[in-house]
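One structure below.
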Amino acid sequence: MSTMICERCGCKYEGPSCLRCIWEINWKNAHDNKGQIARMERGSSLAPPVEMDALKGKALFQGTGKVPYETTLSSCTCKDYILSLSRNPAPCKHMYRLASDLGLQKLPKVKVLYEVFFDDMSDEDYFSEQTITIKVNHKCVRVMLEQRPDNNEN
Ligand SMILES: [Zn+2]
Ligand SMILES: [Zn+2]
Numbered sequence: 005m006s007t008m009i010c011e012r013c014g015c016k017y018e019g020p021s022c023l024r025c026i027w028e029i030n031w032k033n034a035h036d037n038k039g040q041i042a043r044m045e046r047g048s049s050l051a052p053p054v055e056m057d058a059l060k061g062k063a064l065f066q067g068t069g070k071v072p073y074e075t076t077l078s079s080c081t082c083k084d085y086i087l088s089l090s091r092n093p094a095p096c097k098h099m100y101r102l103a104s105d106l107g108l109q110k111l112p113k114v115k116v117l118y119e120v121f122f123d124d125m126s127d128e129d130y131f132s133e134q135t136i137t138i139k140v141n142h143k144c145v146r147v148m149l150e151q152r153p154d155n156n157e158n
């Protein structure tokens, strides 16, 4: 596929449209509140997408259910995003993570409260909201993230 130059922002892109502009036009003023900052933090601690199409700006994220979430820069099939549609549409943690992985959005670093080492890793541990699990030297490390009381606020 050939490289195009975006007429709006002047960036180069290779897919069907300029992803930078899709992200900016959809969510220009959406990020600057506590609820969205919490979503960004959760996005930065998510397990990486199980599949990603960097040209089209699409990814699949495995949640706790069997069917992965289908995430684009303007939509997601997760409950948090679908619920946001009826009040004030705003990116979910999956969309933030996708935008970050595509280099379109900087995400804040999460604050680690404590770490627990253990040998086995269940799906539930891996994908729970307040913890992330990473493998270090063949051991699993469960990392407890700072809990914010305003996680579900918009
Ligand atoms: Zn553009
Ligand atoms: Zn989502």
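In short: position in the sequence shown from 1, add 4, done, that's this note's numbering. Built from N, CA and C at the ideal position, the CB exists for glycine as well.
> With a Cβ-Cβ cutoff of 7 Å, do W27 and L77 count as a contact?
Replying inline: Position 23 of the sequence shown, counted from the first residue, corresponds to residue 27. Position 73 of the sequence shown, counted from the first residue, corresponds to residue 77. Going by C-beta atoms, W27 is nearer than 7 Å to L77.
> Can you tell me the Cα-Cα spacing of S6 and E18, whole angstroms?
Replying inline: In the sequence shown, residue 6 corresponds to position 2, counting from 1. In the sequence shown, residue 18 corresponds to position 14, counting from 1. Rounded to whole angstroms, S6 to E18 spans 6 Å at the Cα level.
>> For a test of the three-state rule: what should DSSP assign to R43, helix, strand or coil?
In response: The sequence position of residue 43 within the sequence shown is 39, counting from 1. Three-state DSSP puts R43 in a helix.
>> Which same chain residues end up closer than 6 Å to L108 when comparing Cβ atoms and leaving out the 5 residues on each side of it in sequence?
In response: The count along the sequence shown starts at 1 and reaches residue 108 at position 104. For L108, where only same-chain residues beyond five positions count, the Cβ hits under 6 Å are R24 and W27.
>> According to DSSP, is K97 part of a helix, a strand, or is it coil?
In response: Locating residue 97 in the sequence shown gives position 93, where the first residue counts as 1. Three-state result, K97: helix.
>> For the structure I just gave you, are there three or more beta carbon pairs, one from the region 67-74 and one from the region 34-44, closer than 8 Å?
In response: no
>> Just to confirm the assignment, what range does the beta strand (DSSP E) spanning E55 have?
In response: Translated into positions along the sequence shown, residue 55 becomes position 51. Per DSSP, E55 belongs to the beta strand (DSSP E) from E55 to D57.
> Three or more C-beta pairs closer than 8 Å, one from the region 47-55 and one from the region 85-102: is that the case here?
Replying inline: yes
> By a C-beta neighbour count over all protein chains shown, 10 Å radius and 16 as the cutoff for buried, is L111 buried or exposed?
Replying inline: On the sequence shown, residue 111 is found 107 positions in, with the first residue counted as 1. Per the 10 Å Cβ criterion, buried.
> Closest by CA to L106, which one among R91, T81, V71 and D57?
Replying inline: Here residue 106 refers to the residue found at position 102 of the sequence shown. Cα-wise, what sits closest to L106 is D57.
> Pick out every residue whose C-beta is nearer than 6 Å to a heavy atom of ligand 1: which are they, in chain order?
Replying inline: C10, R12, C13, C15, C22, R24 and C25
> Can you pull the DSSP bridge partners for Y17?
Replying inline: One-based indexing of the sequence shown puts residue 17 at position 13. Per DSSP, M8.
>> With DSSP as the reference, identify every bridge partner of Y73, one or two as the case may be.
In response: Counted from its first residue, the sequence shown places residue 73 at position 69. Answer by DSSP bridge pairing, in chain order: F65.
> Can you name, in chain order, every residue of its own chain whose Cβ lies under 7 Å from the Cβ of P72, other than the five neighbours on each side?
Replying inline: By one-based count along the sequence shown, residue 72 stands at place 68. These residues qualify, in order along the chain: V54, L64, F65 and Q66.
> Based on the DSSP secondary-structure assignment, which residues constitute the bridge partners of C80?
Replying inline: The sequence position of residue 80 within the sequence shown is 76, counting from 1. According to DSSP, which records beta bridges pairwise, C80 is partnered with T75.
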